[in-house]
Ligand code: DX5
Ligand code: ZN
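In my numbering, the protein residues as written are 27 to 248.
If you want it as structure tokens, here you go:
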């Protein structure tokens, strides 16, 4: 079953509580929280996302899916781990060595959270393979990380396929999440190639009926 993780990066200020509740009612599976530090990517959403995560914990039962686009992964895991996220994902590009990546994996597991490893569009998915057996998810970025509302990069479909082949071939239990420019059209090829968690921000927020678009994203066929 494909799940939908609703990105709240571009929720208009002032409408947060109304929209968060509507996303829960519309049966999103997770809130996708985009944590940016102004260094790994240009934008800085760090404090706003801390506020959102804390607020969501108070008003909703939906699990948090946290995507760190930060250089200081160690600090971010501790800052967000207190909100008991279901998943915490860091970028392989933020690690200088595999042993550093293994340290973050262990730190995340210490919060009883699942571990995701993300790759930017220019990074080969094979870069994640040495640590994938210890993770629960690989996040294939289908846009350049940094902002919402961008156009899906078609070439990333092949990366999803490669990840899927590797996971099947090695008998790993690892989910494939895709993030960036996902809508009812772009969901098809990535689902066909094995993605089972779709992050969507803009396509949900601009829909009239969140429940309807989330249902369609879950069931649309490749
Ligand atoms: C981009 C973020 C994405 C993005 C998704 O850096 O990681 O989560 O906000 O938003 P849309 O669906 O608008 O591309
Ligand atoms: Zn994201």
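Beta carbons are placed, not taken as given, at the ideal position from N, Cα and C, and that holds for glycine.
Taking the continuous alpha helix (DSSP H) assigned at residue i, which residues delimit it?
i	result
residue 47	42-51
residue 32	Element bounds for residue 32: not the alpha helix (DSSP H) but the beta strand (DSSP E), 29-33.
residue 239	236-245
residue 160	First-last for residue 160: undefined, no H or E at that position.
residue 90	Per DSSP, residue 90 belongs to no alpha helix (DSSP H); it is in the beta strand (DSSP E), 90-95.
residue 39	From DSSP, residue 39 is part of no alpha helix (DSSP H); its letter is neither H nor E.
residue 176	Unbroken run through residue 176: none, as it is neither H nor E.
Look at the Cβ atom of residue i, then the Cβ atom of residue j, and state whether they are nearer than 9 Å.
i	j	result
residue 330	residue 222	No answer is possible for residue 330: it lies beyond the span of the chain, which begins at 27 and ends at 248.
residue 103	residue 59	no
residue 115	residue 141	yes
residue 225	residue 188	no
residue 90	residue 110	yes
residue 200	residue 208	no
residue 72	residue 57	no
residue 124	residue 156	yes
residue 186	residue 177	no
residue 246	residue 210	yes
What does the alpha-carbon distance come out to for the pair residue i and residue j?
i	j	result
residue 55	residue 119	27 Å
residue 83	residue 44	15 Å
residue 183	residue 165	13 Å
residue 243	residue 29	9 Å
residue 100	residue 133	8 Å
residue 3	residue 41	For residue 3 there is no data in the structure shown, the boundaries of the chain being 27 and 248.
residue 196	residue 205	24 Å
residue 218	residue 27	13 Å
residue 228	residue 139	26 Å
residue 232	residue 38	11 Å
residue 234	residue 48	11 Å
Just curious, the beta strand (DSSP E) that residue i is in, first and last residue?
i	result
residue 106	It is not in any beta strand (DSSP E) - residue 106 instead sits in the alpha helix (DSSP H) that spans 99-107.
residue 56	56-62
residue 231	It is not in any beta strand (DSSP E) - residue 231 instead sits in the alpha helix (DSSP H) that spans 228-231.
May I ask whether a heavy atom of the ligand ZN can be found less than 8 Å away from the beta carbon of residue i?
i	result
residue 35	yes
residue 60	yes
residue 206	yes
residue 93	yes
residue 171	yes
Can you check whether the C-beta of residue i is within less than 9 Å of a C-beta belonging to chain C?
i	result
residue 65	No chain C appears in this structure, which consists of one protein chain only.
Measuring only from the beta carbon, is residue i closer than 8 Å to any heavy atom that is part of the ligand DX5?
i	result
residue 226	yes
residue 112	no
residue 74	no
residue 167	yes
residue 30	no
residue 176	yes
residue 67	yes
Ranges of the beta strand (DSSP E) found wholly within the region 179-225, counting only runs of at least 3: 201-205
Any beta strand (DSSP E) of 3 or more consecutive residues that is wholly inside the region 114-146: 140-145
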